[in-house]
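Residue numbers (our numbering): 4 to 133. Okay, so here's the structure we're looking at.
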């Protein structure tokens with residue numbers, strides 16, 4: 004795979020999970036779909052992919068008057084454009100383009116390989132691979 008598909012977060016070709024290896028719970032699918040819908044409002048001319056990505060560290064701050072909350076490592080969803088990922092790594096789940104970018108050890112440790120919604124220390128939505 005081209006170095007073009009590596010990024011500043013340290014993902015390499017091994018982090019792009021094979022199509023069909025992970026299933027989405029109905030809640031995870033609904034949140035990802037809504038995330039893409041919201042993103043399209045800001046940039047409607049781009050084709051977006053819901054990307055479930057491993058983050059080595061996450062922090063949350065609701066506004067400048069609140070303290071920063073350390074949420075630790077975990078899985079978040081974001082939107083990526085088709086030019087940012089290998090085309091053969093994108094799968095369509097119930098009409099939604101999806102990609103999973105996770106370290107192999109995270110995928111290997113999961114028993115059912117199902118992405119589910121969880122809540123972080125701050126209360127915001129996040130995801131876990133069961």
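Think of the CB as a built atom: it goes at the ideal place given N, C-alpha and C, for glycine as much as any other residue.
Collapsing the DSSP output to three states places residue 36 in a helix. Boundaries of the alpha helix (DSSP H) harbouring residue 108: 107-112, taken from the DSSP string. Around the CB of residue 45, fewer than 16 other CB atoms lie within 10 Å, so the residue is classed as exposed. Using a 10 angstroms sphere on the CB of residue 127, the tally of other CB atoms stays under 16, which defines it as exposed.
In chain order, 51 place their CB closer than 7 angstroms to the CB of residue 43, counting only its own chain and leaving out the 5 sequence neighbours on each side. The three-state secondary structure of residue 29, taken from DSSP, is helix. Residue 64 places its beta carbon 9 angstroms or farther from that of residue 77. Under the DSSP assignment, residue 96 falls in the beta strand (DSSP E) whose first and last residues are 94-96.
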